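Going down the list, the protein sequences come from chains S and R.
The numbering of the first sequence is the numbering used here, which starts it at 1 and goes up by one.
The numbering of the second sequence is the numbering used here, which starts it at 156 and goes up by one.
Number of protein chains: 2
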Amino acid sequence: MLKLSRLTDYAAVVMAQIARHPEQPHAAADLAEEVQLPHPTVSKTLKMLVRAGLLTSQRGAQGGYRLARPASQISASDIITAIEGPVAMTECSQDDGDCDLAATCGVSDNWQRVSLAVRTLLDSVTLAHLAETTPIKLPVRLPIQSVTLASEAGC
Amino acid sequence: MLKLSRLTDYAAVVMAQIARHPEQPHAAADLAEEVQLPHPTVSKTLKMLVRAGLLTSQRGAQGGYRLARPASQISASDIITAIEGPVAMTECSQDDGDCDLAATCGVSDNWQRVSLAVRTLLDSVTLAHLAETTPIKLPVRLPIQSVTLASEAGC
DNA sequence: GGATTGAGGACCATTTTAGTCCTGTATAAA
DNA sequence: TTTATACAGGACTAAAATGGTCCTCAATCC
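1) Less than 8 Å between the C-beta atoms of V242 (chain R) and T200 (chain R), yes or no?
2) Determine whether the Cβ of D30 (chain S) lies closer than 8 Å to any Cβ atom of chain R.
3) Ignoring anything shorter than 4 residues or poking outside the stretch 13-59 of chain S, list the alpha helix (DSSP H) runs there in chain order.
4) Using the C-alpha atoms, what's the distance from V42 (chain S) back to Y10 (chain S)?
5) Could you tell me the alpha carbon to alpha carbon distance between E158 (chain S) and L210 (chain R), rounded to whole angstroms?
6) Please identify the residue among R:M244, R:A231, R:L256, R:G215 whose C-alpha is closest to the C-alpha of S279 (chain R).
7) Tell me the rounded alpha-carbon separation between V158 (chain S) and V262 (chain R).
8) Quick one: what does DSSP say T281 (chain R) is sitting in, helix, strand or coil?
9) When the cut-off is 8 Å and only beta carbons count, does A167 (chain R) lie next to chain S?
10) Is T8 (chain S) buried or exposed, if buried means 16 or more other CB atoms sit within 10 Å of its CB?
11) So, is G154 (chain S) buried or exposed, given that buried needs 16 or more other C-beta atoms within 10 angstroms?
12) Return the residue from the list R:A286, R:N265, R:L276, R:E287 that minimises the CA-CA distance to T126 (chain S).
13) Under three-state DSSP, which class holds L304 (chain R)?
14) At the level of alpha carbons, what is the spacing between P143 (chain S) and R274 (chain R)?
15) Assign H194 (chain R) to one of two classes, buried (16 or more other C-beta atoms within 10 Å of its C-beta) or exposed (fewer than that).
16) Following the continuous beta strand (DSSP E) through R221 (chain R), name the residue where it begins and the one where it ends.
17) Tell me which residues share the same chain as L277 (chain R) and place their Cβ nearer than 8 Å to its Cβ, disregarding the 5 neighbours each side in the sequence.
18) Please confirm whether L49 (chain S) and L157 (chain R) have their CB atoms less than 8 Å apart.
19) Excluding sequence positions up to five away, which residues of its chain have a Cβ less than 8 Å from the Cβ of G215 (chain R)?
20) When you compare the CB positions of P177 (chain R) and Y220 (chain R), do they come within less than 8 Å of one another, or not?
21) Using beta-carbon positions only, say whether A286 (chain R) and A174 (chain R) come within less than 8 Å of one another.
22) Would you mind reading off the limits of the alpha helix (DSSP H) that contains A76 (chain S)?
23) With a threshold of 8 Å between beta-carbons, can L2 (chain S) be considered close to chain R, or not?
24) According to the neighbour-count rule (16 or more other Cβ atoms, all chains shown, within 10 Å of its Cβ), is A29 (chain S) buried or exposed?
25) Can you tell which of R:S270, R:A283, R:M244, R:V269 has the C-alpha that lies nearest to the C-alpha of R6 (chain S)?
26) Determine the direct distance from the alpha carbon of A68 (chain S) to that of G208 (chain R), and round the result to whole angstroms.
27) Buried or exposed for Q172 (chain R), going by 16 or more other Cβ atoms inside 10 Å?
28) Determine whether the beta carbon atoms of A71 (chain S) and A128 (chain S) lie at a separation below 8 Å.
29) Would you kindly work out how many angstroms separate the C-alpha atoms of G240 (chain R) and G63 (chain S), rounded to a whole number?
30) Identify the contact partners of P225 (chain R) in chain S, using a Cβ-Cβ distance below 9 Å as the criterion.
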């Protein structure tokens, strides 16, 4: 499936909701109500987003969550990374990738390139894009051409 | 992580191995030996690939597996789909997507676009590319620009 | 001081994943 | 025709990831 986890999905929805009213703080309970998801789950998601530096939080009455930076400077990749960890299609696409099958594998270098291309694509999609209510066109002319990097990680 | 499952990883490795010697049939046991993975697991993977129409099999002595079509006509997307099902980043990116939160979600259309862009990227990577032993550059000029489709699935 | 709101983590149930194994069937070669 | 080879299909299990809940503590505002 190559699917996002459900929590990541929630995160995107919640982030988009905040992005549509960036000036005011959003309490977890309010957000949960707005997006029709259980409060504890939304709360958990929000905490992860704070820890990843995508949101800031304010405790106490009238507190809540805000974007840590403008929606145009938060990427889909950021959100995914916040919840699931680095975008990497295979074990060996990561920095700490320790694959003891490197010798017989024979596809690791190329997978890494694919992985990077996907990451580049997700980097180019911003929260501002996601939050648009009228479906927008994807940013064209992605820097895919630059994806010819020398292999960056061992396998 | 947005990671491929381990079986998908195996599938790619095994397919690449077959692609490097497309003329002869490859027995599961031989392949397992070549790629240094347990036989039953490799076998399971091969069966899935046959069912997906990416490999053909021949029983009996001197039997084994072959590519169902040239490596240049098998995409990374095909392999992923064979093992994990359709590439779709969110539930609602699929055809049968039944998301009862459509009203409050607000990001579904845009996720679908992202999902399609990823799929397009993976479509453009062929088994021939993956099987190259000398790392190759990713095919440039992906048809990302055409990813402005009207929404194709409901959420 | 009291109400509000987030932080942090423990905890559990469920699902998914990976991996193994067994029985059956087709095929080729002797 | 017999036999060894090799795939087909599915049942089964163990382990891990995931989703979700809850409780206690800390900060902040009024």
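Where is the CB? At the ideal position from N, CA and C, for every residue including glycine.
Bear in mind the structure is a predicted one, so any value in this text is a computation, not a measurement.
Well, looking at it:
1) no
2) Between D30 (chain S) and chain R, the shortest Cβ-Cβ separation is not below 8 Å.
3) Counting whole runs of 4 or more residues, the stretch 13-59 of chain S contains the alpha helix (DSSP H) stretches 28-35, 39-51.
4) 7 Å
5) Because chain S in this structure spans residues 1 to 155, residue 158 (chain S) falls outside the shown range and cannot be described.
6) R:A231
7) Any question about residue 158 (chain S) goes unanswered here, given that chain S covers just 1 to 155.
8) In the structure shown, T281 (chain R) sits in a strand (DSSP, three-state: E or B).
9) yes
10) It counts as buried.
11) Reliability of the predicted coordinates at G154 (chain S) is poor, the pLDDT of 32 falling under 50, and the value obtained from them is presented with this limitation in mind. Looking at its Cβ environment, which holds fewer than 16 other Cβ atoms inside 10 Å, G154 (chain S) is exposed.
12) R:N265
13) Model confidence at L304 (chain R) stands at a pLDDT of 28, short of 50, so the residue's coordinates are unreliable and nothing is read from them.
14) Confidence at P143 (chain S) is low in this model, with a pLDDT of 36, below 50, so its placement is unreliable and the value that follows should be read with caution. Pairing P143 (chain S) with R274 (chain R), the inter-Cα distance amounts to about 17 Å.
15) exposed
16) 219-222
17) S230, A231, S232, I235, V242
18) no
19) none
20) no
21) Yes, the pair counts as a contact, with Cβ atoms nearer than the cut-off.
22) Counting along the chain, the alpha helix (DSSP H) containing A76 (chain S) begins and ends at 76-84.
23) Closer than 8 Å to the CB of L2 (chain S) there is at least one CB belonging to chain R.
24) exposed
25) R:M244
26) The C-alpha of A68 (chain S) is placed about 48 Å away from the C-alpha of G208 (chain R).
27) Buried is the call here.
28) yes
29) 43 Å
30) Ordered by position in chain S, no residue passes the 9 Å Cβ test against P225 (chain R), which lies about 17 Å from the chain.
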